[in-house]
Structures are given as structure tokens and as C-alpha cells.
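In what follows, a single structure is set out as C-alpha cells and then discussed.
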Amino acid sequence: MKLSICVITYNHEDYIVESLESVLSQVTSFDKEIIIGEDFSTDRTREICMQYAEKYPDLIRLIPAEKNVGMMANFLRTFQACKGEYVAFIEGDDFWTDPLKLQKQVDFLQANPDYSACFHNVILKYQRADLRKEKIMHANGLPKDSFDTEDVLGPWFIASPSFVFVNYPDLNLPDWFFNCKYGDLPLMLLLTLRGKFKYLDEVMGVYRLHDKGMSLKHIGYDKIILMIYIYESFNIHTNYKFQKKIREAMVYEIDRHIPKDLANGDKSIPKKATILERGYNKIRRIISQPAS
12 MKLSICVITY NHEDYIVESL ESVLSQVTSF DKEIIIGEDF STDRTREICM
62 QYAEKYPDLI RLIPAEKNVG MMANFLRTFQ ACKGEYVAFI EGDDFWTDPL
112 KLQKQVDFLQ ANPDYSACFH NVILKYQRAD LRKEKIMHAN GLPKDSFDTE
162 DVLGPWFIAS PSFVFVNYPD LNLPDWFFNC KYGDLPLMLL LTLRGKFKYL
212 DEVMGVYRLH DKGMSLKHIG YDKIILMIYI YESFNIHTNY KFQKKIREAM
262 VYEIDRHIPK DLANGDKSIP KKATILERGY NKIRRIISQP AS
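Everything in the sequence shown is counted per our numbering, starting at 12 for the first residue and increasing by one.
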């Protein structure tokens, strides 16, 4: 099996058809499988997924959860079901726009074994109560087309529906990985240890941001805690090789997300700020020191 396409979905009734149709529209010269990880949705998502699995039994494998297992567990069980040499992820509220997207990405990875993954540009589609617009994520492109660990430790620039990676048979996920709240960033960090990431400067998908999406479920203080756990776990995993860059990333998350709590009127901010203050100041001191 050349490619596994993992569709991660929960309560995506309004979007899942568009997502699955975009997956089915992919034209490839290689064999592929579509694995749908459906996490016990409370709407019609499971029913819709079952209809597609029945219609395409040789292509689609539906893995329904017997109870809601949560985002990370659903991510893991779907990923672990992959048999392909390469893996593409897409959530049930996102979709692809170029029918040759997967062919282009797999072709590149096959021809360039020093790369562990590749990604592309997307349209950010905002469908929130207070914001409805579309924009190209990297409208002015990126400063380069090859990225490493330190780059991925910086601000977010890889949209999950654009990501295709090598499914290394010996990629043993560390224990700390299973305690993360979501899997895309820690997986990307681990993959950077195996090879570079290639950027294809083409818009080939849509990343949707809406009020029920996961990007809004973890914000402010909660997002800081999640991110610091990922960063510090990776820091230990790599024997502090990227210590300075990781500390910079932590400060970035604190600077970015504490104002969101303030804007939302979180009355527990003084206590939370006290908890973060020592770590925040320590990180600032470390960053100001010359790299050894």
C-alpha cells in the first residue's frame, strides 16, 4: 500500500461530505486507502461515513468508536491503522481543492528520501460568528522551501490538511506523545528528526476555522499549558539539543495566549499569571544568555 489517507472526524455533519468528496476526487497512479476515524459523533457524521464506506468498500475503511475517546485517542487509533508507506491527514471539516495534490506530494517524497514530509499552501476559511472571510495562508509565500526542527518550533505555518509524511516502520512514538492533547505538532517535531520538510508553493486545500473547530477549544492559559507540555517533553526527548529555540517558543505562546484570557474576562487570571510568572521570567533569562 503506497498511501493511507486518515480522515479524523467528530460532529462534522455540515462538512464531512465536502471533505470526503475531495478525498475521493484525488487522481493517483498508486494504490491508496481511506481510513475514517469517527469519534462517536452526536450528529449525523457517523451515518454519513457509513454510507460512504458501504459505497466504496474496497477503498474506505471506517473505524467507528464505541464511545467518544477524544481528539488525541482518535488521532492515534486512526494513525495506527495506516498500512501505507506514506500518510496524509485531513480532518472532516477541511477539504482539498487540487485533484493531483497527493500525487505531487508522494512523487516528491519518493524522489527525495532525505525529506520526511512535505506540505503546501492553503486557503484559511473563517466561518465564525464574528468573522467570515477567506484568505491565502501564505499569500506572500515563505522565505524558503525547506524546513527543519528549529523552524517547526517557531510560529505555526503548516496547516494539517496540507501535510503528507513518510510512515516510518521504526517510528516508535515515545510515552510522552500519548499524553499530548493533540497529535499533529508533536508528530511533526518527531518527523523533523528523520528528515527535512518540503514546502510546495501551491494552494491545494482549505483549512476551515469555525466556532466548533478544535482551534477554538484550546485558547489562552489552557493552550499555554498544552504547548509547554509538548515543548518540554520534546526538549527532554532530544536531550536539550534545541533548548534555546524551545524556550523562545514557550515565551511566544505565553505572549500570544495570555491576552486572549484577558480579553475573555477570565477572573482567575491573577492566580494563573502567578503560576506562570516564575517560569516566564526564567525563560526570558535563558533566552537572553548567549547560546553555548
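Yeah, the Cβ is synthetic: ideal placement off N, Cα and C, and Gly gets one too.
Model, not experiment: these values are computed from the prediction.
Within 10 angstroms of the beta-carbon of ASP50 lie 16 or more other beta-carbons, which makes it buried.
Annotation: CYS93 is outside any beta strand (DSSP E) and is labelled neither H nor E by DSSP. The C-alpha of ASN85 is placed about 9 Å away from the C-alpha of ILE74.
Rounded to the nearest angstrom, the gap between the Cα atoms of VAL18 and ILE46 is 6 Å. If you draw a 10 Å sphere on the C-beta of THR20, you find 16 or more other C-beta atoms in it, and that means buried. In its chain, beyond the 5 residues on either side, MET215 have a beta carbon closer than 6 Å to the beta carbon of ASP109. Contact check for LEU14 against LEU111 fails: the beta carbons are separated by 8 Å or more. Scanning its chain for C-beta atoms nearer than 6 Å, with the 5 sequence neighbours on each side dropped, one finds around GLU24 the residues ASP54, ARG55, THR56, in chain order.
Assigned with DSSP and collapsed to three states, ARG57 falls in helix. MET148 sits close to VAL133, with the two beta carbons spaced by under 8 Å. Short of 6 Å from the beta carbon of LEU135, and not among the five residues preceding or following it, lie these beta carbons of its own chain, in chain order: LYS146, MET148, TYR218.
A Cβ-Cβ contact shorter than 8 Å links CYS129 with GLN116.
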